[in-house]
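Trainee:
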Amino acid sequence: MKKNQFISFWRRNFLYGKKLFTTMVAFAMVMGLAGCAKGSGNEPDAPIQIESSVIREERENKEDADASDTQMQALLPENNGGSVEKQTDAQLEEELKNYRQEREDMIQETNGLVEGGSPDEDNYSFDMSGSFYTSRFDTRETTEAYAAARIYVTDILGLKPSTKMVTYMCIDPRVLAIYDDENKGVAAGYDSSDIFICEYCNEDGVWQYLILVRDGKGGAWSVIHDGSSYKE
Numbered sequence: 000m001k002k003n004q005f006i007s008f009w010r011r012n013f014l015y016g017k018k019l020f021t022t023m024v025a026f027a028m029v030m031g032l033a034g035c036a037k038g039s040g041n042e043p044d045a046p047i048q049i050e051s052s053v054i055r056e057e058r059e060n061k062e063d064a065d066a067s068d069t070q071m072q073a074l075l076p077e078n079n080g081g082s083v084e085k086q087t088d089a090q091l092e093e094e095l096k097n098y099r100q101e102r103e104d105m106i107q108e109t110n111g112l113v114e115g116g117s118p119d120e121d122n123y124s125f126d127m128s129g130s131f132y133t134s135r136f137d138t139r140e141t142t143e144a145y146a147a148a149r150i151y152v153t154d155i156l157g158l159k160p161s162t163k164m165v166t167y168m169c170i171d172p173r174v175l176a177i178y179d180d181e182n183k184g185v186a187a188g189y190d191s192s193d194i195f196i197c198e199y200c201n202e203d204g205v206w207q208y209l210i211l212v213r214d215g216k217g218g219a220w221s222v223i224h225d226g227s228s229y230k231e
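So for the sequence shown, numbering that gives the first Met the number 0 puts the first residue at 0; every next one is plus one.
1. Please state whether DSSP places isoleucine 196 in a helix, a strand or coil.
2. Contact between the segment 176-187 and the segment 151-166: three or more CB pairs below 8 Å?
3. State the beta-bridge partners of glutamine 100 as determined by DSSP.
4. So what does DSSP say about tyrosine 145, is it helix, strand or coil?
5. Which complete alpha helix (DSSP H) runs does the segment 145-183 hold, if anything under 4 residues is left out?
6. Would you check if the segment 92-102 and the segment 115-123 touch, i.e. whether three or more CB-CB distances between them fall below 8 Å?
7. Can you tell me which of the three DSSP states lysine 37 falls into?
8. Since I believe alanine 144 is in contact with leucine 91 (beta carbons under 8 Å), could you give me their beta-carbon distance rounded to a whole number of angstroms?
9. Quick check on the DSSP output: the beta strand (DSSP E) that includes tyrosine 132 runs from which residue to which?
10. Checking 9 Å against the spacing of the C-beta atoms, do alanine 147 and valine 222 come in under that value?
11. Taking histidine 224 as the reference, give the member of Gly111, Tyr151, Ser191, Thr109 with the closest Cα.
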């Protein structure tokens with residue numbers, strides 16, 4: 000055998016032996032871990048099961064996050080260029096009109112009790128995320144706020160709205176923006192947790208917004224503004 004052939008032969012056998020040795024060491028480590036788990040009263044494949052469970056949970060969480068992102072992107076109106084299209088005031092007013100009409104049609108009176116519901120938000124493209132702040136108030140707080148608003152409309156303004164109810168939850172995103180506005184407009188100095196907004200339809204068929212405030216949780220609600228914007 001020539002010298003070069005011998006070196007090549009030796010190198011191949013050496014690398015093969017090295018790989019075999021590494022495989023045997025890895026196998027011994029796995030068997031050792033399994034033996035430790037068995038000796039402690041656990042199932043031999045417990046570490047593998049735990050790791051699989053963690054990986055599966057991470058994958059499911061990622062899939063849920065991806066699905067949520069996809070749903071949010073699907074809800075965003077886009078123009079042909081792929082960028083988010085800004086809704087015009089005219090388009091918004093039309094959607095608000097349709098939403099309010101659907102909301103009105105859902106109100107039923109039975110034995111003196113008025114029952115209603117909320118239209119499916121998925122059918123509308125305007126942003127209603129601001130209504131989250133109003134939903135944080137408990138039943139008592141909400142009832143007292145609507146009562147104060149109703150008294151303001153019927154007693155102070157002397158109006159008798161043609162709608163089935165006197166006041167409604169505000170749905171106009173331009174007004175709900177007060178909660179994220181640091182200046183708070185006409186409610187400057189009040190925290191978002193002490194601001195309540197609702198809407199009513201005046202005798203001219205124009206929707207107006209009432210802004211109520213209180214001096215902390217448990218305080219009485221009072222109307223401080225009646226208009227078409229919180230910045231007036």
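Just so you know, even glycine gets a beta-carbon here, dropped at the ideal spot from N, CA and C.
Mentor: On the basis of the coordinates in this document:
1. Translated into the one-based positions of the sequence shown, residue 196 becomes position 197. In this structure, isoleucine 196 counts as strand in the three-state DSSP scheme.
2. no
3. The residue labelled residue 100 in the question sits at position 101 within the sequence shown. Per DSSP, none; premise fails for glutamine 100.
4. Reading the sequence shown from its first residue, position 146 is the one you call residue 145. Residue state, collapsed to three classes: helix.
5. 172-175
6. yes
7. Taking the first residue of the sequence shown as position 1, residue 37 is located at position 38. Only weak support is given to the placement of lysine 37: the predicted model assigns it a pLDDT of 42, under 50, and the value that follows is read from those uncertain coordinates. It is helical.
8. Stepping through the sequence shown from its first residue, residue 91 is reached at position 92. Stepping through the sequence shown from its first residue, residue 144 is reached at position 145. Their Cβ separation, rounded to whole angstroms, is 25 Å, which puts leucine 91 and alanine 144 out of contact at 8 Å.
9. Here residue 132 refers to the residue found at position 133 when the sequence shown is read from its first residue. Run containing tyrosine 132: none in the beta strand (DSSP E); it sits in the alpha helix (DSSP H), 130-134.
10. Mapped onto the sequence shown, residue 147 falls at position 148. Mapped onto the sequence shown, residue 222 falls at position 223. Contact: yes.
11. If you number the sequence shown from 1, residue 224 lands on position 225. Closest by alpha carbon: Tyr151.
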